[in-house]
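A.B. asks:
In my numbering, the protein residues as written are -10 to 95.
1) Looking at residue 34: is its Cβ nearer than 8 Å to the Cβ of residue 44?
2) Can you tell which of 69, 89 and 74 has the C-alpha that lies nearest to the C-alpha of residue 81?
3) Taking the Cβ atom as the reference point for each residue, do residue 2 and residue 32 lie within a distance shorter than 8 Å?
4) For residue 61, collect the residues of the same chain with a Cβ closer than 8 Å to its Cβ; drop the 5 residues on either side in sequence, then sort them by chain order.
5) Since I believe residue 55 is in contact with residue 39 (beta carbons under 8 Å), could you give me their beta-carbon distance rounded to a whole number of angstroms?
6) Which of the three DSSP states is assigned to residue 50 in this structure?
7) The alpha helix (DSSP H) that contains residue 37, what's its start and end?
Rendered as structure tokens:
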């Protein structure tokens, strides 16, 4: 009886430690993704700030820089989608605490 109990305890310990390791990986990835979202926002603002009339063949350096920024931004969005991060636009939606985070109250 003691042997079975010890065996069950060791199995429970193994399962609990495996779950803790998985949780630690998940929380580590979440913090990393949150930091990458800031980078994605900056990339988006950078591409939006470039006047479209300036991106022409007559200005090849700006054009190649702009194309590089947009390709980097698109690749980052693809990585987010692959890992389950999708953009949420809560503008004019009712507050849902499961989806939204309250930053301030008007």
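We put the beta carbon where it would ideally sit given N, CA and C, even for glycine.
Because the structure is a prediction, the values reported are computed rather than measured.
C.D. replies: Let me spell this out:
1) As a working note, residue 34 is residue 45 in the chain shown. As a working note, residue 44 is residue 55 in the chain shown. Cβ atoms of residue 34 and residue 44: not closer than 8 Å.
2) Start at 1 with the first residue of the chain shown, and residue 81 comes out as number 92. Looking at the Cα atoms, 89 is the closest of the given residues.
3) Against the chain shown, residue 2 aligns to sequence position 13. Against the chain shown, residue 32 aligns to sequence position 43. No, the pair does not count as a contact, with Cβ atoms beyond the cut-off.
4) Residue numbering aside, residue 61 sits at position 72 when the chain shown is read from its first letter. 32, listed in sequence order.
5) For the purposes of this step, residue 39 is taken as the residue at position 50 of the chain shown. For the purposes of this step, residue 55 is taken as the residue at position 66 of the chain shown. Yes, residue 39 and residue 55 are in contact; Cβ-Cβ is about 5 Å, under 8 Å.
6) Numbered from 1 along the chain shown, position 61 holds the residue referred to as residue 50. If DSSP states are grouped into helix, strand and coil, residue 50 belongs with the helices.
7) Translated into positions along the chain shown, residue 37 becomes position 48. Where residue 37 is concerned, the enclosing alpha helix (DSSP H) stretches over -9 to 38.
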